[in-house]
Structures are given as structure tokens and as C-alpha cells.
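As given, the protein sequences belong to chains A and B, one line each in that order.
Note that the working numbering gives residue 284 to position 175 of the first sequence, counting from 1, and the numbers run on in steps of one.
Note that the working numbering gives residue 415 to position 92 of the second sequence, counting from 1, and the numbers run on in steps of one.
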Amino acid sequence: MMNQNEKRMILTSVQKPGRYAGGEYGQIIKDKASVKARFAFCFPDTYEIGMSNLGIRILYHCLNQHENIWCERVYDPWVDMQEVMRAHHLPLTAMESGDPIRDFDFVGFTLQYEMSYTNVLNMLDLGGIPLRAADRGENHPLVIGGGPCAYNPEPVADFFDLFNIGEGEEMLPAIVELYIRMKQDGSYTRAAFLHEAARSIPGVYVPSLFTVTYHPDGTVKAYTPVYDDIPPVVTKQIIKDLDTAPFPSQVVMPYIETVQDRITVEVGRGCIRGCRFCQAGMTYRPVREKTPDVINCQARAVFDTSGYEELSLSSLSISDYTRIDELTDKLLSWTDPHMVNLSLPSLRADSFTKELMDKVASIRASSITFAPEAGTQRLRDVINKNLYEEDLMRAVNVAYDAGKNQVKLYFMQGHPTETDEDLAAIPELAHRVVSEFYKNPNRPRSRQPQVTISVSPFIPKPFTAFQWEPQDSLEEMLRKQAYVGSCVRDRKVKYNHHDARTCRIEAVLARGDRRLSAVLEECCRRGFRFDAWSEYFDYDKWMEVFSATGIDPSFYANRAYGLDEVLPWDVIDCGVTKSFLKRERARAYEGTTTPNCREQCSGCGANRLGGVRTCCPKKA
Amino acid sequence: MLSEKGLMSRISKFDRPLLDQPVTYRVVFCKRGNLQYFSHLDLQRTWQRVLVRASIPMWYTQGFNPHSKIIFGIPLPVGVEGLGEMVDLRVDREISAEEMKQQLNAELTEEMTVSEVYIPTAPFSDIVWGQYELTLHSPALTEEAVTAVRGLFSAGAPPIVMTKRTKSGDKQVDILPMIRSLSAELAGDGTMAIHAVLAAGNAGSLNPEYLVTAMRERLGLLSDQSDPENCWYTILRTGFLTEDGQAFR
Numbered sequence: 110m111m112n113q114n115e116k117r118m119i120l121t122s123v124q125k126p127g128r129y130a131g132g133e134y135g136q137i138i139k140d141k142a143s144v145k146a147r148f149a150f151c152f153p154d155t156y157e158i159g160m161s162n163l164g165i166r167i168l169y170h171c172l173n174q175h176e177n178i179w180c181e182r183v184y185d186p187w188v189d190m191q192e193v194m195r196a197h198h199l200p201l202t203a204m205e206s207g208d209p210i211r212d213f214d215f216v217g218f219t220l221q222y223e224m225s226y227t228n229v230l231n232m233l234d235l236g237g238i239p240l241r242a243a244d245r246g247e248n249h250p251l252v253i254g255g256g257p258c259a260y261n262p263e264p265v266a267d268f269f270d271l272f273n274i275g276e277g278e279e280m281l282p283a284i285v286e287l288y289i290r291m292k293q294d295g296s297y298t299r300a301a302f303l304h305e306a307a308r309s310i311p312g313v314y315v316p317s318l319f320t321v322t323y324h325p326d327g328t329v330k331a332y333t334p335v336y337d338d339i340p341p342v343v344t345k346q347i348i349k350d351l352d353t354a355p356f357p358s359q360v361v362m363p364y365i366e367t368v369q370d371r372i373t374v375e376v377g378r379g380c381i382r383g384c385r386f387c388q389a390g391m392t393y394r395p396v397r398e399k400t401p402d403v404i405n406c407q408a409r410a411v412f413d414t415s416g417y418e419e420l421s422l423s424s425l426s427i428s429d430y431t432r433i434d435e436l437t438d439k440l441l442s443w444t445d446p447h448m449v450n451l452s453l454p455s456l457r458a459d460s461f462t463k464e465l466m467d468k469v470a471s472i473r474a475s476s477i478t479f480a481p482e483a484g485t486q487r488l489r490d491v492i493n494k495n496l497y498e499e500d501l502m503r504a505v506n507v508a509y510d511a512g513k514n515q516v517k518l519y520f521m522q523g524h525p526t527e528t529d530e531d532l533a534a535i536p537e538l539a540h541r542v543v544s545e546f547y548k549n550p551n552r553p554r555s556r557q558p559q560v561t562i563s564v565s566p567f568i569p570k571p572f573t574a575f576q577w578e579p580q581d582s583l584e585e586m587l588r589k590q591a592y593v594g595s596c597v598r599d600r601k602v603k604y605n606h607h608d609a610r611t612c613r614i615e616a617v618l619a620r621g622d623r624r625l626s627a628v629l630e631e632c633c634r635r636g637f638r639f640d641a642w643s644e645y646f647d648y649d650k651w652m653e654v655f656s657a658t659g660i661d662p663s664f665y666a667n668r669a670y671g672l673d674e675v676l677p678w679d680v681i682d683c684g685v686t687k688s689f690l691k692r693e694r695a696r697a698y699e700g701t702t703t704p705n706c707r708e709q710c711s712g713c714g715a716n717r718l719g720g721v722r723t724c725c726p727k728k729a
Numbered sequence: 324m325l326s327e328k329g330l331m332s333r334i335s336k337f338d339r340p341l342l343d344q345p346v347t348y349r350v351v352f353c354k355r356g357n358l359q360y361f362s363h364l365d366l367q368r369t370w371q372r373v374l375v376r377a378s379i380p381m382w383y384t385q386g387f388n389p390h391s392k393i394i395f396g397i398p399l400p401v402g403v404e405g406l407g408e409m410v411d412l413r414v415d416r417e418i419s420a421e422e423m424k425q426q427l428n429a430e431l432t433e434e435m436t437v438s439e440v441y442i443p444t445a446p447f448s449d450i451v452w453g454q455y456e457l458t459l460h461s462p463a464l465t466e467e468a469v470t471a472v473r474g475l476f477s478a479g480a481p482p483i484v485m486t487k488r489t490k491s492g493d494k495q496v497d498i499l500p501m502i503r504s505l506s507a508e509l510a511g512d513g514t515m516a517i518h519a520v521l522a523a524g525n526a527g528s529l530n531p532e533y534l535v536t537a538m539r540e541r542l543g544l545l546s547d548q549s550d551p552e553n554c555w556y557t558i559l560r561t562g563f564l565t566e567d568g569q570a571f572r
């Protein structure tokens, strides 16, 4: 750890030194001599983004609850700081102790989005840790990965010693405890630990314990475990009862402004809807809810220890929470007198009511966001959005009645079966949302309506009904983006779109196999970092790396994967079965919708994982 | 799970009797160590939250968008530590100065603790000077360097014209009139201690960094910026003075 004087000289030479200072109220400091395992929890992006992540808040708490474990936070230094660190030979350190991460027992990475993979490697490199697991020795930290992208860990498999598949509250401390036990009884070696973890802790995936073979056409032939006492398929772990799951009442309070600087409490996990492109909707199943009293107590406890002025309820679809009215009443009874704003993200248009609007009316924002995802009813049925135009029009009228004049609408382009007619319908729908404003007698008369349409290219994701579908070629994505723009005929409609090139790389990494580790390693060697940031993403450089490593990106992004093909993520069981996804894919091509979980069980298979469920009619 | 703190028998602000008139308290606190890297804006946001979690009965403006009245003294530049920073708070319910100090300190880290709470008699606009202590370290710092520093900043010395960044663009400013007094001495091997009283108020402010820049540019001191381990400096603000040099309270 560098001394305070040196630290001052370093920090005053970079922008936003508050990112690196540490010393936050609420951080956990332990005596490093008296703990038995040290865990560096790395978020592969900036401090401002990482500090906003609820998952880290929870797991930081879970690990630190154990007397023998000290978990610290690590964020990716911004480009200017990285230059200073490399110039002065300063290694990547953890916030709490300032100790280099290479001296920790575990270095954990949360994999939140594919475009952060280059940051993962860059952070290992800054930390002085060999990139490949195979190159690490007994004295190097064990590098562990988890989070939403770990459901297809293969593109980064070579860099990780092990993965935590599923919800980490129980599994992650269990992994560290096994390590402590084996260190204490003298049975620890790196290899023995990895074998024992894979054998005895459900949800642990050790990539080096599986051999992958390929067909001549490049598709996967088989995953074969090296030992016969480890599960050949790793099953996602879930928290059975969310009400009793550990939840931190003390948040580490950032001094600098972060992206989501507020109280965040989950109301549940999973989504009843089953949109066919949505990965989170499948991988978080089975749907489990917390009870209103628990949510209320947790929110109040965080308020008391934080002083935050905003409370956000987190869920994949907040208005689907079965006891939303009861919950909001309970919360408002103390948030109102304490002048805390209640915010409800992820509102679905069809369950958005005046009653709900009245409760969140205290929010100053004049805009409201809905996600129809497709312009025509036909295509919305294909993707199983289960949303009708009447629902949307009713919802925007509720918003207009309440004085709002700005509506944001999220769409995707490139869904299977999409035609130009479906694309032209996106701006047309936006035009009708504008007209609806003028038809509404209660509209805010002093203001003009403003409808923003954001269109992002479809990215096929593992464990979705569309996991086999090809992404449009880059040329086709760009053509479609221009075409949608040409169909906008009203200045009150604003059109945004995501960067198609980034989405193409994301598709490659999302559906990639182990051979992509060579690509990422080369990216790291060439100094790639912050690829999720448009100012640092360079598509041409990615193409150069693909050609240098002999990997064809189209094989992963633009190929229709075979229905009977072994998929790179078949080594993971996320609850939802492949046969269900195949059924859903067939229904998509028929244009048939599937009822939501509350109406009728569609037999997705996630209930095999157990859990206290609230909305599944068939509680088998 | 409720936190222990949440269950603590701290008095809710709503249980305190309302005052006939809101009362303003002055809170004196330090901003040290890691907290020197946070800006004034960060400090303001932090205090809003500290006051809420400490359950201080803040008076709120009446209006469409009610907010509490928090007025800070003289902003502390990033990279400067402070011992006696000040903020004025207006409360509308009964709370003693001692209670306020205790409740605040329970919600702060040791790098930002409250040393004193009192009812102020002078407004922040009476502050004209800030007292600073600079500690410089470099193997090249000798008695000769100390003499050179004294000469550079002495009252009759030639003007020290420097480029000052302002909102309306760069300006050429002589910093010498903004130095009320400055003393320098050697404090051990290669370490120089400087006490300076510099303009800090509404009429004008001199960031103590300019002193270091002047010593670098004109005397070649601390020029080896490639070796932060052996070539460093720290700045501490210890207090404030009124126009005639009296300690401000």
C-alpha cells in the first residue's frame, strides 16, 4: 500500500480523484492479520457504475458477514489513472485496504455485460495476475466469475479458475469457506481445491475440468468432464426464500455522484412474462417475490443508514409485483414525510394504472418510459410481448392526465420474421402516441408532446427462445437503422439507436465458445479497454484481432445455430429447459403467444430448482 | 433485517418540539485524509444525506420544491485538507448544540468529524483570509531553498504574475497581494514547512496550489514529478481570519 503523501501526488494528477480515494462511510474495514481469506470483488467498469450495482452491495455484505472473510471492492481505473499507474509501476489495488489484488486469496469479477470482458483482462493485467488460469501458480489468487453473463462463461473460460453459476448469496461464502477449511487442514492445493469445489458445491463450474471437442464444421461436439465425480452439467443455484436472504442495511456511501445513487431494494426475482428475446426473463426464473413487510423494513433500514433522498424498487417488471398497492402504501407512509422520492422503473404499459401513477407522481421527471419492443401486433406476438396498442394508448393517457408530456419508447430491430413493414410501424406508433396527446382533454396545455423512440439491434442471447437465431449482418442492421429514421415524419418524435457495431461484437461474445478466449487475450495484448464506452470502442480494431486470431465473427453472430447442435452453454443448466425454449421458438414462428406465468404454467422447467413462489399456478 | 442503528433509540426529529422561530447553528468539522479528494459539490451532497441520517430537524423552505437551508463557508480546493471547515444549518425543532454534535459524529467517519457546534455571531462574508500549512518534501530541499522561498514571497519582492483559470477565461494575476503573510522553515531532512495566510473570501481567493506552482516555476523546487514517493507536498487549511487579522468564528 502506498503512503498517504505518495497517494496525494498520484491522485491530484488525475481527473476525478474521488473515484480512487476510498474512505467512504459504510465501508467495511477488518484486521487483515485476523481474517483467513481475503476477497477482492472487482467490478470491470468505473467506480460510478460499480457503486450503483445492487448485486455487489449484497454480496459484499454476505461475504463480510463471515468473521474469517474480508471482502473489499475494486473498480476499473479510468484511462488517465491507468496511464499514471503503469508509468509509476503501481499495481491495481482494493479500495478498503489499498493492498494489491494479486495478494488476495480470491479475485472475483461480476460479469454484467459482454462488452466489459476486455476490462476484466485489463484489470488482471493491471493487477499483475497472469491472464490465463493455466498460467497461475499456487501463490496467485483464485479468479472467480459470476453474474448474468456467467450463464455462458465460455468466451472467458480460459481466464477464470472457477465460476459461480446463479445467485451468489449462499454459494460464494460456501466457496470461500471450503478454501479456508482446506487451507487449515493442509489439503489445499489449487488443483485439489478446484476439484473439490466442483464436486461438492452445486453451481460451481470449473472450466479446466471440462474438455471441449469440436466437429470439423467448428460446432461443439461435446463437453466431457475430466473427473467422473463432478456433475457433467452445472445447475444454477437460487435463493429459495428471498424474505430470509441476507440484505445489507448499510450501504457504502459514495462521496462522488454515481449512476444510481439511491436506496435500491428488490421486490423479487424473475419475470412472469417470457419475452422470447429476453435473457433475464429466463435466467432469473423461477419467479419469487419478497413480502411487502420485508421490502418495507429493508428500504427503511437503508434509509436510516444512508439518508438517501430516493428509493427505487428493483424488478424486471415492477407493476407485475402481486402486492404492489399494499407495498407502495406502506412505503409512502414514511417516504412522504421524510421527503424521499419513490421511483418505479420497468413499468409495463398494460399494468400501469392511474392509482400507481398518483403514487409516483411525486417524481419530478416529466417523462415516462415503456418498452413495446416491436411496432406491429404481429411482431409483438412473435416475441411474446403480450402488449396491445390499446394498452399503450391507455397508459400514455394516464401519463398525459398526470401532466407528463414526454414519452420514451424502447424498441428492437432485427427480431426473427421482421419485415420493413414492422420497422416502418415503429415511427407510426410514435406518431399515434403524439396524436393521443392532442386528443387528451387533460393534457398539460402549456407544453408540446415529445416522444423518443430508441431502437436497439436484436442480439441473440443464450437461454432464450431466440438463442439459435442469427443476428442481422452489420450492413442490414445499418440499413434498417437508416430506414426507421427515414420513416420519422414528425419533429415531435425523436429517434435514437444503439451502435450496430457494438451490438455485433456483443452478439459474438454472447454466443461464443472457448475459442474466443484467444481473441480476448489478443485484445488485451493490444491494450483494449472500456469497449462499452463509445469513445474507446473501435470496431475496425476488433476486426483486426479476429483476423489475426483466425476467428470468424459471423460464425457466432450471423449463423443460425442448429436446433440439435451442442451449444457452448449446454454445460450450464439454468432451470429453463431446452425443450421449452424450442417450443417457444416454434410458437414464435407460428406467431402464437404464450400466457404469462400467472395465467397458466407454460412448463418452462425452472420450478425444478425449488424456491418459494407466488405466482405459479402449478406449484409442482 | 433491521440494522442495529435503525433500532437505536435515537430521537426521531418528529418527536422534538417545534421552535417558534428557526435557529441557525454553525458546525465546525474537518475534511482530512481521503476526503481531500472530494469536491465542494460532493461535500454538499454528502451533508444533505448526513443530516437526514443523523435525524437533524432541518427547517425546510416552503414551496413547490422544499429544501433545507445549508450554507457552507469557504470551499476547500481538492487536494487540500481542512481542520476547521464550517457549515451553517437552520433547524426548526429543539436540539442542543451538544446533541447535534453527537448525532452528526455518529454518522461521520473520523476523516470528517465535528469538533464544535455553536450559534454564530458573524456571517461567512466576514472571512477574508485563510490560514494554510504547506509541507513540502524533496531531497533537494535545503536551507538555501528555504531562503529562496522567503525571498520569493516576501512583501517587497517583485510581482509574481501567474495565469489564473477563471470562468471568463485565463487571466494574468499578481498573486503577491493575495498573500498576507508567509513563513518558511526547514523541518527535518528535505522537508520544508510553510505557514501562509492567503486571500480566502468573497473578495478574492488564492488557491494554495499557486504557491507550489510558483516555487516550481521560479525556484525549480519539487520539479521531479516522476518520483511521488520522495517528492511530494501536502496542504492543510487550519482556520480563517477576518479583514483585520482576527480569528473568525
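For glycine and all other residues, C-beta sits at the position ideal for the given N, C-alpha and C.
Quantities reported herein were computed from a predicted structural model and do not represent experimental measurements.
Item to check | chain B residues whose Cβ lies nearer than 7 Å to that of ARG717 (chain A) | outcome: Near ARG717 (chain A) there are no residues of chain B at all, since even the closest Cβ is about 29 Å away, more than 7 Å.
Checklist entry - Residue range of the beta strand (DSSP E) that TYR441 (chain B) falls in? => result 437-441
Item to check | Closest residue to GLU578 (chain A) among A:MET502, A:ARG668, A:HIS606 (Cα-Cα distance) | outcome: A:ARG668
Next on the checklist: On the DSSP letters alone, give me the boundaries of the beta strand (DSSP E) that ILE502 (chain B) sits inside.
Outcome noted: 502-509
Checklist entry - Who are the neighbours of LEU431 (chain B) on chain A, taking C-beta pairs under 9 Å? => result TYR134
Checklist entry - GLN515 (chain A) to ILE477 (chain A), Cα distance in whole Å? => result 6 Å
Next on the checklist: Taking CB distances under 7 Å as the criterion, tell me whether TRP370 (chain B) reaches chain A.
Outcome noted: no
Checklist entry - With a cut-off of 7 Å, does the C-beta of GLU408 (chain B) fall near any C-beta of chain A? => result no
Item to check | Candidates A:PHE639, A:THR686, A:THR703, of which the one nearest THR155 (chain A) by Cα | outcome: A:PHE639
Checklist entry - Which residues in the same chain as LEU542 (chain B) place their Cβ atom closer than 8 Å to its Cβ, once the five residues preceding and following it in sequence are excluded? => result ALA468, ALA471, VAL472, LEU475
Next on the checklist: I want to see whether chain A comes within less than 7 Å of LEU449 (chain B), judged by CB atoms only; does it?
Outcome noted: With the sequence shown as reference, residue 449 (chain B) is identified as Asp, and Leu is not the correct amino acid for it. Under the Cβ criterion of 7 Å, ASP449 (chain B) is not counted among the residues facing chain A.
Next on the checklist: For chain B, check one thing: does any of its Cβ atoms lie closer than 7 Å to the Cβ of ILE119 (chain A)?
Outcome noted: yes
Checklist entry - Pick from A:TYR332, A:ASP214, A:LYS517: whose alpha carbon is nearest that of ILE289 (chain A)? => result A:ASP214
Item to check | Chain-ordered neighbours of GLU115 (chain A) on chain B, where CB pairs are closer than 8 Å | outcome: PRO551, GLU552, TRP555
Checklist entry - What is the residue span of the alpha helix (DSSP H) that TRP651 (chain A) lies within? => result 648-658
Checklist entry - Which runs of the alpha helix (DSSP H), 4 residues or longer, sit entirely within the segment 174-223 of chain A? => result Runs found: 188-196.
Checklist entry - Given ASN318 (chain A), which residues of its chain have a CB within under 8 Å of its CB, disregarding the five upstream and five downstream residues? => result Correcting the residue type first, residue 318 (chain A) is Leu in the shown sequence and not Asn. Closer than 8 Å at the Cβ level, and outside the excluded window around LEU318 (chain A), lie LEU303, HIS304, ALA307, PRO334, VAL335, TYR336, ILE339.
Checklist entry - Taking the continuous alpha helix (DSSP H) assigned at ILE334 (chain B), which residues delimit it? => result First-last for ILE334 (chain B): undefined, no H or E at that position.
Next on the checklist: Quick check: is the beta carbon of GLY207 (chain A) nearer than 7 Å to any beta carbon in chain B?
Outcome noted: No, GLY207 (chain A) does not count as interfacial toward chain B.
Checklist entry - Three-state secondary structure (DSSP) at SER461 (chain B)? => result coil
Checklist entry - Using a Cβ-Cβ distance under 7 Å, would GLY714 (chain A) count as near chain B? => result So no, GLY714 (chain A) is outside the interface.
Item to check | Ordered list of alpha helix (DSSP H) runs contained in the segment 641-721 of chain A, each at least 4 residues | outcome: 648-658, 662-666, 687-699
Checklist entry - Any Cβ of chain A within less than 7 Å of the Cβ of ASN530 (chain B)? => result No, ASN530 (chain B) does not count as interfacial toward chain A.
Next on the checklist: Here's the rule: buried if 16 or more other CB atoms are within 10 angstroms of the residue's CB, otherwise exposed. What is ALA570 (chain B)?
Outcome noted: exposed
Next on the checklist: Does the segment 371-389 of chain A come into contact with the segment 383-394 of chain B, if we say contact requires no fewer than three beta-carbon pairs (one atom in each stretch) closer than 8 Å?
Outcome noted: no
Checklist entry - Does DSSP put ILE562 (chain A) in a helix, a strand or coil? => result strand
Checklist entry - Which residues in chain A sit within 8 Å of HIS460 (chain B), going by Cβ to Cβ distance? => result Under the 8 Å cutoff, chain A gives ASN114.
Next on the checklist: From the DSSP secondary-structure annotation, give me the bridge partner or partners of ILE372 (chain A).
Outcome noted: A:LEU420
Checklist entry - In chain order, what residues of the same chain have a beta carbon less than 6 Å from the beta carbon of PHE395 (chain B), not counting five sequence neighbours either side? => result Closer than 6 Å at the Cβ level, and outside the excluded window around PHE395 (chain B), lie VAL410.
Item to check | Rounded C-alpha distance that separates THR703 (chain A) from ARG371 (chain A) | outcome: 36 Å
Checklist entry - Does the Cβ of GLU327 (chain B) have 16 or more other Cβ atoms within 10 Å, making it buried, or fewer, making it exposed? => result Confidence in GLU327 (chain B) is poor, its pLDDT being 42 and thus under 50, which makes the residue's placement unreliable; the coordinate value appears in the next sentence. With fewer than 16 other Cβ atoms within 10 Å, it is exposed.
Item to check | Of the listed residues A:GLY594, A:ASN705, A:LEU168, nearest to VAL87 (chain A) (C-alpha basis) | outcome: Nothing can be reported for residue 87 (chain A), as the shown portion of chain A is limited to 110 through 729.
Next on the checklist: Between LEU271 (chain A) and LEU251 (chain A), how many whole angstroms is the CB-CB distance? I'm expecting something under 8 Å.
Outcome noted: 7 Å
Item to check | Per-residue burial, GLY211 (chain A) [other beta carbons within 10 Å of its own, 16 or more giving buried] | outcome: In the sequence on display, residue 211 (chain A) carries Arg and not Gly. By the neighbour-count rule (16 or more Cβ atoms within 10 Å), ARG211 (chain A) is buried.
Next on the checklist: I want to verify the contact list: residues of chain A whose CB lies under 8 Å from the CB of LEU358 (chain B), in sequence order.
Outcome noted: Contacts between LEU358 (chain B) and chain A, judged by CB atoms closer than 8 Å, involve ALA130, GLY132, TYR364 in chain order.
Next on the checklist: If I measure Cβ to Cβ from HIS363 (chain B) and keep anything under 6 Å in the same chain, skipping five residues before and after, which residues do I get?
Outcome noted: PRO398
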